[in-house]
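When we follow the working numbering, the leftmost residue of the sequence shown carries the number 29, and every step to the right adds one.
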Amino acid sequence: MRDSFREESSVMAQRFTVAIDGPAAAGKGTLAKLIAAHYGLPHLDTGLLYRAVGRKAADLGLDLDDPDAAGAVARSLTPSALDDGSLRGREAGELASRVAVHPSVRSALETFQRDFAGQPAGAVLDGRDIGTVIAPDAEVKIFVTASPEVRARRRTDELAAKGRAPDYERILAEVRERDLRDAGRATAPLKPAADAHLLDTSEMAIDAAFLAARELIDGFLARRG
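Okay, structure coming up:
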(Lines of atoms letter the chains of each structure in order from A; the text may use other names.)
(Lines give C-alpha, C1' and ligand atoms only; values in the text may rest on other atoms or scores of the structure.)
Protein backbone atom coordinates (compact mmCIF):
# COMPACT_ATOMS: atom_id res chain seq x y z
CA MET A 29 0.00 0.00 0.00
CA ARG A 30 2.79 2.43 0.91
CA ASP A 31 4.61 1.74 -2.34
CA SER A 32 1.50 2.76 -4.27
CA PHE A 33 1.54 6.13 -2.52
CA ARG A 34 4.86 6.93 -4.16
CA GLU A 35 4.07 5.97 -7.78
CA GLU A 36 5.05 8.44 -10.47
CA SER A 37 2.24 10.34 -12.18
CA SER A 38 1.82 12.87 -14.93
CA VAL A 39 -0.47 14.87 -12.67
CA MET A 40 2.35 15.68 -10.22
CA ALA A 41 2.35 19.29 -11.31
CA GLN A 42 -1.33 19.57 -10.42
CA ARG A 43 -1.14 17.93 -7.00
CA PHE A 44 -2.08 19.67 -3.80
CA THR A 45 -2.57 18.47 -0.27
CA VAL A 46 -5.26 19.71 2.10
CA ALA A 47 -4.56 19.38 5.82
CA ILE A 48 -7.65 19.64 8.02
CA ASP A 49 -7.25 19.72 11.78
CA GLY A 50 -9.51 20.39 14.72
CA PRO A 51 -11.07 18.99 17.89
CA ALA A 52 -13.65 16.22 18.10
CA ALA A 53 -17.12 16.87 16.66
CA ALA A 54 -16.12 20.14 14.99
CA GLY A 55 -17.11 18.75 11.59
CA LYS A 56 -13.66 18.22 10.10
CA GLY A 57 -14.30 14.62 9.07
CA THR A 58 -17.46 15.39 7.11
CA LEU A 59 -15.81 18.44 5.59
CA ALA A 60 -12.74 16.44 4.55
CA LYS A 61 -14.89 13.84 2.79
CA LEU A 62 -16.79 16.52 0.89
CA ILE A 63 -13.58 18.26 -0.16
CA ALA A 64 -11.96 15.02 -1.28
CA ALA A 65 -15.00 14.06 -3.35
CA HIS A 66 -15.31 17.53 -4.91
CA TYR A 67 -11.67 17.76 -6.00
CA GLY A 68 -11.22 14.05 -6.75
CA LEU A 69 -8.57 13.52 -4.10
CA PRO A 70 -7.94 10.48 -1.88
CA HIS A 71 -8.98 10.96 1.75
CA LEU A 72 -7.57 9.64 5.01
CA ASP A 73 -9.25 10.04 8.38
CA THR A 74 -6.07 9.78 10.43
CA GLY A 75 -8.03 9.51 13.64
CA LEU A 76 -9.05 6.01 12.58
CA LEU A 77 -5.41 4.94 12.86
CA TYR A 78 -5.31 5.90 16.53
CA ARG A 79 -8.77 4.46 17.13
CA ALA A 80 -7.62 1.18 15.59
CA VAL A 81 -4.58 1.09 17.87
CA GLY A 82 -6.66 1.88 20.93
CA ARG A 83 -9.30 -0.68 20.02
CA LYS A 84 -6.79 -3.45 19.35
CA ALA A 85 -4.86 -2.71 22.55
CA ALA A 86 -8.06 -2.79 24.57
CA ASP A 87 -9.22 -6.02 22.92
CA LEU A 88 -5.87 -7.60 23.81
CA GLY A 89 -6.28 -6.51 27.41
CA LEU A 90 -3.20 -4.30 27.30
CA ASP A 91 -2.56 -1.25 29.46
CA LEU A 92 -3.35 1.71 27.23
CA ASP A 93 -1.11 3.89 29.37
CA ASP A 94 1.90 1.67 28.63
CA PRO A 95 3.82 3.33 25.75
CA ASP A 96 5.73 0.16 24.87
CA ALA A 97 2.61 -1.98 24.58
CA ALA A 98 0.70 0.66 22.62
CA GLY A 99 3.68 1.28 20.35
CA ALA A 100 3.95 -2.42 19.52
CA VAL A 101 0.29 -2.47 18.52
CA ALA A 102 0.78 0.60 16.32
CA ARG A 103 3.75 -0.96 14.54
CA SER A 104 1.71 -4.07 13.73
CA LEU A 105 -1.29 -2.16 12.39
CA THR A 106 -2.46 -3.01 8.86
CA PRO A 107 -4.73 -0.94 6.56
CA SER A 108 -7.51 -3.54 6.87
CA ALA A 109 -7.87 -2.62 10.55
CA LEU A 110 -9.44 0.69 9.48
CA ASP A 111 -12.46 -1.18 8.09
CA ASP A 112 -13.77 -1.96 11.59
CA GLY A 113 -17.12 -0.20 11.90
CA SER A 114 -16.80 0.10 15.68
CA LEU A 115 -13.97 2.60 15.24
CA ARG A 116 -16.54 5.34 14.61
CA GLY A 117 -18.04 4.98 18.09
CA ARG A 118 -17.49 7.18 21.14
CA GLU A 119 -15.63 4.46 23.06
CA ALA A 120 -13.06 4.06 20.30
CA GLY A 121 -12.56 7.83 20.31
CA GLU A 122 -11.73 7.80 23.99
CA LEU A 123 -9.34 4.88 23.51
CA ALA A 124 -7.65 6.77 20.66
CA SER A 125 -7.09 9.85 22.79
CA ARG A 126 -5.36 7.74 25.44
CA VAL A 127 -2.90 5.99 23.12
CA ALA A 128 -2.25 9.09 21.01
CA VAL A 129 -0.26 10.67 23.86
CA HIS A 130 2.52 8.10 23.42
CA PRO A 131 5.45 9.16 21.18
CA SER A 132 5.96 5.49 20.30
CA VAL A 133 2.46 5.30 18.81
CA ARG A 134 2.75 8.56 16.94
CA SER A 135 6.13 7.62 15.48
CA ALA A 136 4.81 4.29 14.24
CA LEU A 137 1.87 5.91 12.45
CA GLU A 138 3.57 9.01 11.06
CA THR A 139 5.26 7.27 8.12
CA PHE A 140 1.94 5.83 6.96
CA GLN A 141 0.31 9.25 7.10
CA ARG A 142 3.17 11.08 5.42
CA ASP A 143 3.26 8.59 2.57
CA PHE A 144 -0.47 9.09 2.08
CA ALA A 145 -0.07 12.88 2.11
CA GLY A 146 2.74 12.64 -0.45
CA GLN A 147 0.76 10.84 -3.13
CA PRO A 148 1.44 12.19 -6.64
CA ALA A 149 -2.16 13.29 -7.16
CA GLY A 150 -2.39 14.96 -3.75
CA ALA A 151 -4.62 14.07 -0.83
CA VAL A 152 -6.95 15.28 1.90
CA LEU A 153 -6.12 14.29 5.47
CA ASP A 154 -8.00 15.18 8.61
CA GLY A 155 -6.80 14.81 12.16
CA ARG A 156 -5.23 16.83 14.95
CA ASP A 157 -1.63 17.39 13.84
CA ILE A 158 -1.76 17.19 10.04
CA GLY A 159 -0.79 20.80 9.35
CA THR A 160 1.76 20.98 12.15
CA VAL A 161 3.49 17.58 12.05
CA ILE A 162 2.36 15.21 9.29
CA ALA A 163 2.12 17.59 6.32
CA PRO A 164 3.63 20.94 7.36
CA ASP A 165 4.15 21.77 3.67
CA ALA A 166 0.50 21.16 2.72
CA GLU A 167 -0.69 23.73 0.21
CA VAL A 168 -3.95 24.34 2.09
CA LYS A 169 -4.38 24.08 5.86
CA ILE A 170 -7.72 24.48 7.59
CA PHE A 171 -8.31 24.36 11.34
CA VAL A 172 -11.96 23.52 11.95
CA THR A 173 -13.34 24.38 15.37
CA ALA A 174 -16.58 25.02 17.25
CA SER A 175 -17.48 25.76 20.85
CA PRO A 176 -17.51 22.80 23.27
CA GLU A 177 -21.23 23.34 23.82
CA VAL A 178 -22.02 23.14 20.10
CA ARG A 179 -19.84 20.07 19.64
CA ALA A 180 -21.44 18.32 22.61
CA ARG A 181 -24.89 19.14 21.25
CA ARG A 182 -23.97 17.71 17.85
CA ARG A 183 -22.71 14.52 19.43
CA THR A 184 -25.83 14.29 21.60
CA ASP A 185 -28.12 14.76 18.59
CA GLU A 186 -26.15 12.20 16.60
CA LEU A 187 -26.55 9.59 19.33
CA ALA A 188 -30.23 10.42 19.81
CA ALA A 189 -30.80 9.92 16.09
CA LYS A 190 -29.45 6.40 16.52
CA GLY A 191 -32.06 5.65 19.14
CA ARG A 192 -29.87 6.16 22.18
CA ALA A 193 -30.55 8.34 25.24
CA PRO A 194 -27.40 10.45 25.60
CA ASP A 195 -26.70 12.70 28.59
CA TYR A 196 -25.73 16.12 27.22
CA GLU A 197 -23.91 17.25 30.37
CA ARG A 198 -21.84 14.07 30.49
CA ILE A 199 -20.91 14.41 26.82
CA LEU A 200 -20.01 18.08 27.32
CA ALA A 201 -17.71 17.12 30.19
CA GLU A 202 -16.08 14.45 28.01
CA VAL A 203 -15.58 16.93 25.16
CA ARG A 204 -13.87 19.40 27.48
CA GLU A 205 -11.74 16.70 29.08
CA ARG A 206 -10.61 15.42 25.70
CA ASP A 207 -9.81 18.94 24.51
CA LEU A 208 -7.55 19.46 27.51
CA ARG A 209 -5.85 16.12 26.99
CA ASP A 210 -5.29 16.66 23.27
CA ALA A 211 -4.07 20.25 23.65
CA GLY A 212 -1.86 19.48 26.65
CA ARG A 213 0.02 16.43 25.42
CA ALA A 214 3.77 16.84 25.10
CA THR A 215 3.97 15.34 21.61
CA ALA A 216 2.12 17.00 18.71
CA PRO A 217 -0.51 18.84 20.76
CA LEU A 218 -3.74 19.94 19.12
CA LYS A 219 -3.23 23.47 17.81
CA PRO A 220 -3.62 25.37 14.54
CA ALA A 221 -0.61 25.58 12.25
CA ALA A 222 0.74 29.12 12.03
CA ASP A 223 -0.44 29.38 8.41
CA ALA A 224 -3.78 27.56 8.85
CA HIS A 225 -7.11 29.14 7.99
CA LEU A 226 -9.42 29.11 11.01
CA LEU A 227 -12.95 27.89 10.23
CA ASP A 228 -15.36 28.21 13.17
CA THR A 229 -18.44 26.11 12.44
CA SER A 230 -20.31 26.97 15.64
CA GLU A 231 -22.91 28.91 13.66
CA MET A 232 -22.47 27.04 10.36
CA ALA A 233 -24.34 24.21 8.72
CA ILE A 234 -22.11 21.77 6.86
CA ASP A 235 -23.06 23.26 3.48
CA ALA A 236 -21.85 26.68 4.58
CA ALA A 237 -18.64 25.23 5.99
CA PHE A 238 -18.02 23.35 2.74
CA LEU A 239 -18.55 26.52 0.72
CA ALA A 240 -16.11 28.43 2.92
CA ALA A 241 -13.49 25.68 2.54
CA ARG A 242 -13.99 25.59 -1.22
CA GLU A 243 -13.41 29.33 -1.42
CA LEU A 244 -10.09 28.90 0.39
CA ILE A 245 -8.99 26.06 -1.88
CA ASP A 246 -10.20 27.70 -5.09
CA GLY A 247 -8.38 30.86 -4.05
CA PHE A 248 -5.16 28.88 -3.70
CA LEU A 249 -5.68 27.21 -7.08
CA ALA A 250 -6.38 30.55 -8.75
CA ARG A 251 -3.21 32.08 -7.30
CA ARG A 252 -1.16 29.10 -8.38
CA GLY A 253 -2.57 29.35 -11.88
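The C-beta atom is built at its ideal place from N, Cα and C for all residues, glycine as well.
| query | result |
| --- | --- |
| Sequence-distant residues of its chain with Cβ nearer than 7 Å to Gly6 (five each side left out) | Lying before the first or after the last residue shown, residue 6 is absent from the chain, which here runs from 29 to 253. |
| First and last residue of the uninterrupted beta strand (DSSP E) at Phe171 | Val168 to Thr173 |
| Own chain, CB closer than 7 Å to Phe238, minus 5 neighbours either side, in chain order | Leu59 and Leu62 |
| Classification of Ala97 by the beta-carbon crowding that lies within 10 angstroms, buried from 16 upward | buried |
| Selected residue, minimal CA-CA separation from Leu218, among Ser108, Phe248, Leu208 and Leu227 | Leu208 |
| As assigned by DSSP and simplified to three states, the class of Leu226 | strand |
| C-beta contact flag for Ile158 and Ala65 at 7 Å | no |
| Of the residues Thr139, Gly117 and Tyr67, the one placed nearest Ala53, counting alpha carbons only | Gly117 |
| Whether Val168 touches Leu69 by CB criterion (7 Å) | no |
| Strand pairing of Gly155, partner residues [DSSP] | Asp49 |
| Residue nearest to Glu138 in terms of C-alpha spacing, selected from Asp210, Gly99 and Asp223 | Gly99 |
| Beta-carbon proximity check, Leu200 vs Phe144, cutoff 7 Å | no |
| Simplified DSSP assignment, three categories, for Asp91 | coil |
| Reduced DSSP category for Arg34 - H, G, I as helix; E, B as strand; rest coil | Confidence at Arg34 is low in this model, with a pLDDT of 45, below 50, so its placement is unreliable and no value can be given for it. |
| Per-residue DSSP class, three states only, for Asp73 | strand |
| Residue from Arg79, Asp49, Arg183 and Arg43 with nearest C-alpha to Phe171 | Asp49 |
| Same chain, Cβ closer than 8 Å to Asp235, neighbours up to 5 away in sequence not counted | none |
| Anticipated Cβ contact below 8 Å, Phe44 with Gly150, distance rounded | 5 Å |
| Beta-carbon proximity list for Thr15, same chain, < 6 Å, skipping 5 on both sides | Residue 15 lies beyond the residue range present for the chain, which begins at 29 and ends at 253; the question has no answer from this structure. |
| Per-residue DSSP class, three states only, for Glu197 | helix |
| Nearest candidate by alpha-carbon position, reference Leu77, set Asp112, Glu202 and Gly146 | Asp112 |
| Continuous alpha helix (DSSP H) stretch holding Thr184: start and end | Pro176 to Ala189 |
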